[in-house]
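S.K.:
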Amino acid sequence: MAEDAYQKAYGEIALFYRISANAIKAENEEQLLDIFLHELAMFFDAEIVVYAERKDGEIVPCRALGVQTSEPCVIKEGETSCWKALKENSPVIEFSKEGNLDLPQPIKRLKPRAVLHAPVTIFGAPKAVLCIIRLRPERFEESDAKNIKVIVNQLALNIERLRLKERTERIVEERTAKLRETEEALMNMIADLNKAYRELRTLDAAKDEFINITTHELKTPLTPIKIQAQLWLDGAYGELNEKQKESFRMILRNVTRLTLLIDDIMTIAKLDAGKIIFHFEKHLIGKLMEEVAEDFRDVCRVRRMSFSMNIPDELRKLEVEVDGERIKQVMSIYLDNAVKFTPEGGSIALSGEVKDGFVEITVADSGIGIPEEAIPKLFTRFYQVDKTITRKYGGTGLGLAIAKALIEKHGGRVWAKSAGLGKGSTFGFAIPLKKSKEGGEA
Amino acid sequence: MKRILAVCDDRDMLESLSVFLKTRGYDADIAFGRDEAIRKLKEKHYDLLILDYLMRPVNGVDTLMDIRKDPKISSIKTIMATAVPRDEIGEETLKKLKVLEYVQKPVDLHEFEKVIRKVLGE
Chain A
1 MAEDAYQKAY GEIALFYRIS ANAIKAENEE QLLDIFLHEL AMFFDAEIVV YAERKDGEIV
61 PCRALGVQTS EPCVIKEGET SCWKALKENS PVIEFSKEGN LDLPQPIKRL KPRAVLHAPV
121 TIFGAPKAVL CIIRLRPERF EESDAKNIKV IVNQLALNIE RLRLKERTER IVEERTAKLR
181 ETEEALMNMI ADLNKAYREL RTLDAAKDEF INITTHELKT PLTPIKIQAQ LWLDGAYGEL
241 NEKQKESFRM ILRNVTRLTL LIDDIMTIAK LDAGKIIFHF EKHLIGKLME EVAEDFRDVC
301 RVRRMSFSMN IPDELRKLEV EVDGERIKQV MSIYLDNAVK FTPEGGSIAL SGEVKDGFVE
361 ITVADSGIGI PEEAIPKLFT RFYQVDKTIT RKYGGTGLGL AIAKALIEKH GGRVWAKSAG
421 LGKGSTFGFA IPLKKSKEGG EA
Chain B
1001 MKRILAVCDD RDMLESLSVF LKTRGYDADI AFGRDEAIRK LKEKHYDLLI LDYLMRPVNG
1061 VDTLMDIRKD PKISSIKTIM ATAVPRDEIG EETLKKLKVL EYVQKPVDLH EFEKVIRKVL
1121 GE
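For the record, the sequence lines run as chains A and B.
Position one of the first sequence corresponds to residue 1 (this note's numbering), numbered consecutively onward.
Position one of the second sequence corresponds to residue 1001 (this note's numbering), numbered consecutively onward.
Below is the structure:
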């Protein structure tokens, strides 16, 4: 008897060990259930083992050993021992000498004599049942019910493990897919952006090339026009009367105007494209002012205007890192405008001073002045206070826009002031004494 | 009489230059591009070459490079007259090709005359 008990205990331990060792290797629920069903059939010496799950008021077989479950094999919710095991969450043993147990038809047909129903608690709820069935008339014992509890726990743990693994894998897969989608979308976006950037670069280069060629090509026919008009005026084709001379002078004036316009457009286009190379060097600001003034003294004398210059001593000795030619160009634009809009007998003054870390240069005139509402727009491209002024005074409407861009490249600012129409105007710019990094690069 | 060769690919420009140069007392000749310029320079002696930059198919810089490579004609005094701003061609190139003066088109004839006389040492 003691040997029997020992044998039995040994068998139980061996079963638990085998089940634990094999179950952990199962990669899916089918494999896991096959392992359990086989071991249980052997251990309990049972002909039939079925694993069934509770689904919407029915117990539906999922995996079976020793019986075909292809024909309807479900157990509807009711007073059956199988349901009792599930509801009470405890093993139920039944025996029928005549083989008359209340089981689904495919099993019943085989005349089962003994059954052990063991509920399986998955994630805290009895969701499945293991049915171990003997066809021969040999009852299941209470010890069997105890043993089955341990095995069922093993099964439940492994089912939970596999489901968690599957869920994790699914989540990882979904996230990976989403990540891949996002990555793909991102790559597409980058590719699109790169393409757009390349297209823009090409377009930009094409625009630069177009402006370059156009401006040069526009100037080419102007040269023979200008030469021919000058040749006529020089008398190369015979003497001209005054009316004819004035006609050729008009041609020349307009060739000059067109040339200036082309030059200004070219400068603006180059500034936009960052193609103007700035040569920053130390310059005496007073000297730059003197050089520009030199050109304008004669112009003012011819037009009977007074020209004065005010350069304080500290400015004469002051060296500032600027592109000298560009600073002179801005002063010339201001002085040109002053001469243009100041009637004979008027006055023009070029002044400079050092103020709050900046050099300020101003050109003041006693000319026609600017209406207040026009002042903010003066430095925008092609802006003209009055279209009739353009016809009367000439100009491209780009000079002040160029001046502003050139000064901003020095890290400075421009401004204009006027007390109103007929009251003269003052144009100024300020550049920092110390060249800032962003101001220095073209 | 000093002889000047004007080179350009624009016929109106060449004819205008030719009339201008003749009125100023020069023996003016014209060439329509690089090949004709090199041929004419080899045929006759010229005192001055007035060269355009924007020419097709060979531009003024490449034309002048070829002229400077040929020892028979390489020493010709050269003025470049073009619509292209000086900085686009670059000081280094102008110096290397021994361009004595650079005139921006459209030229002012009185200024141009001064430049020509200066280069010719008149």
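We treat Cβ as the ideally placed atom computed from N, Cα and C, and that holds for glycine.
Treat the numbers as computed from the prediction; the structure is a model and nothing was measured.
Taking DSSP as the reference, what is the three-state secondary structure of A:E294?
M.R.: Helix.
S.K.: Does the Cβ of A:K76 have 16 or more other Cβ atoms within 10 Å, making it buried, or fewer, making it exposed?
M.R.: A:K76 is exposed by the Cβ-count criterion.
S.K.: Within 10 angstroms of its Cβ, does A:N28 collect 16 or more other Cβ (buried), or is it exposed?
M.R.: Exposed, because fewer than 16 other Cβ atoms sit within 10 Å of the Cβ of A:N28.
S.K.: Quick one: what does DSSP say A:G412 is sitting in, helix, strand or coil?
M.R.: Residue state, collapsed to three classes: coil.
S.K.: Report the residues of the stretch 1002–1016 of chain B with a CB closer than 8 Å to any CB of chain A, ordered along the chain.
M.R.: Listed by position along the chain: D1010, D1012, M1013, E1015 and S1016.
S.K.: Touch check for the stretch 313–331 of chain A and the stretch 281–292 of chain A: three-plus C-beta pairs under 8 Å?
M.R.: As far as the Cβ criterion goes, the stretch 313–331 of chain A touches the stretch 281–292 of chain A, which means the pair count is three or higher.
S.K.: If you check the beta carbons only, do B:L1049 and B:I1030 fall under 7 Å apart?
M.R.: Not closer than 7 Å, so no.
S.K.: Which same chain residues, not among the five before or five after A:K437, have their C-beta less than 6 Å away from its C-beta?
M.R.: Low confidence applies to A:K437: its pLDDT is 47, below 50, so where it sits in the model is not reliable, and the reading given next is rough at best. There are no such residues.
S.K.: Between A:T223 and chain B, is the shortest Cβ-Cβ distance under 7 Å, so that the two count as touching?
M.R.: Judged by the 7 Å Cβ criterion, A:T223 is in contact with chain B.
S.K.: Give me the chain A residues within the contact set of B:T1093, using Cβ-Cβ distance strictly less than 7 Å, ordered along the chain.
M.R.: Chain A residues near B:T1093: none, gap ~15 Å exceeds 7 Å.
S.K.: Is A:P224 helix, strand or coil by DSSP?
M.R.: Helix at A:P224.
S.K.: Listed in chain order, which residues of the stretch 1024–1043 of chain B have Cβ atoms closer than 9 Å to some Cβ of chain D?
M.R.: The structure shown contains no chain D; its protein chains are A and B.
S.K.: Who pairs with A:K87 in a beta bridge, going by DSSP?
M.R.: Note: A:K87 sits in no beta bridge, so no partner.
S.K.: On the criterion of 16 or more Cβ atoms from any shown chain inside 10 Å, does A:G238 qualify as buried, or is it exposed?
M.R.: A:G238 comes out exposed.
S.K.: Determine the contact status of A:I122 and A:I159, defining contact as a CB-CB distance below 7 Å.
M.R.: Yes.
S.K.: Sort out for me which residues DSSP pairs A:F427 with in a bridge.
M.R.: A:F427 is bridged to A:V363 and A:A416.
S.K.: Could you tell me which chain A residues have their CB closer than 8 Å to the CB of B:K1096, listed as they occur along the chain?
M.R.: Those within 8 Å of B:K1096 in chain A number zero; the least Cβ separation is about 19 Å.
S.K.: At a cut-off of 6 Å, would you count A:L157 as near the ligand SAH, judging by its Cβ distance to the nearest heavy atom?
M.R.: Of the ligands one can find in the structure shown there are none, so the ligand SAH has no counterpart to examine.
S.K.: Within 7 Å of any Cβ in chain A, is that where the Cβ of B:I1089 sits?
M.R.: Output row for B:I1089: interface = no.
S.K.: Quick one: what's got a C-beta closer than 6 Å to B:R1011's C-beta in the same chain, skipping five residues either side?
M.R.: There are no such residues.
S.K.: Step through the CB atoms of chain A and report whether any lies within less than 7 Å of the CB of B:K1105.
M.R.: So yes, B:K1105 belongs to the interface.
S.K.: So, do the stretch 27–41 of chain A and the stretch 169–180 of chain A have three or more beta carbon pairs nearer to each other than 8 Å?
M.R.: At 8 Å Cβ cutoff, the stretches do not touch.
S.K.: Can you name, in chain order, every residue of its own chain whose Cβ lies under 7 Å from the Cβ of A:T342, other than the five neighbours on each side?
M.R.: These residues qualify, in order along the chain: M305, I348, D365, S366 and G367.
S.K.: Is there a Cβ from chain A that is less than 7 Å from the Cβ of B:K1054?
M.R.: Correcting the residue type first, residue 1054 of chain B is Leu in the shown sequence and not Lys. It does: the Cβ of B:L1054 has a partner Cβ on chain A nearer than 7 Å.
S.K.: Taking the DSSP output, what are the residues bridged to A:G352?
M.R.: Answer by DSSP bridge pairing, in chain order: A:I361.
S.K.: Given B:N1059, which residues of its chain have a CB within under 8 Å of its CB, disregarding the five upstream and five downstream residues?
M.R.: Contacts found: Y1053.
S.K.: Residues in the same chain with beta-carbon distance under 7 Å from A:A442, minus the five sequence neighbours each way, listed in chain order, please.
M.R.: Caution is warranted here: a pLDDT of 36 is assigned to A:A442, below 50, making its placement in the model unreliable, and no coordinate value can be reported.
S.K.: Should B:V1115 be flagged as near chain A, meaning a C-beta pair shorter than 7 Å?
M.R.: No - not a single Cβ of chain A is within 7 Å of the one on B:V1115.
S.K.: Would you verify that the beta carbon of A:E441 is, or is not, closer than 7 Å to some beta carbon of chain B?
M.R.: Per-residue confidence for A:E441 stands at a pLDDT of 38, beneath the threshold of 50, marking its modelled position as unreliable; the derived number appears in the next sentence. No, its Cβ sits nowhere closer than 7 Å to a Cβ of chain B.
S.K.: Using a 10 Å radius around the Cβ and a threshold of 16 neighbouring Cβ atoms, would you call A:A118 buried or exposed?
M.R.: Buried is the call here.
S.K.: Going by DSSP, what residue range makes up the beta strand (DSSP E) through A:N443?
M.R.: Lying before the first or after the last residue shown, residue 443 of chain A is absent from chain A, which here runs from 1 to 442.
S.K.: Give the residues of chain B in contact with A:V255, contact being defined as C-beta atoms less than 9 Å apart.
M.R.: Result: P1106.
S.K.: At the 7 Å Cβ level, is A:H279 part of the contact set with chain B, yes or no?
M.R.: Not closer than 7 Å to any Cβ of chain B, the Cβ of A:H279 fails to qualify, so no.
S.K.: How many angstroms separate the CA atom of B:M1001 from the CA atom of B:Y1026?
M.R.: If you take the alpha carbons of B:M1001 and B:Y1026, they lie about 6 Å apart.
S.K.: Among all the DSSP beta bridges, which residues are the ones paired with A:P126?
M.R.: Answer is A:T121, bridged to A:P126.
S.K.: To the nearest angstrom, how far is the alpha carbon of A:N262 from that of A:E217?
M.R.: For clarity, residue 262 of chain A is Ile in the given sequence; the question names Asn instead. Approximately 10 Å, taken between the alpha carbons.
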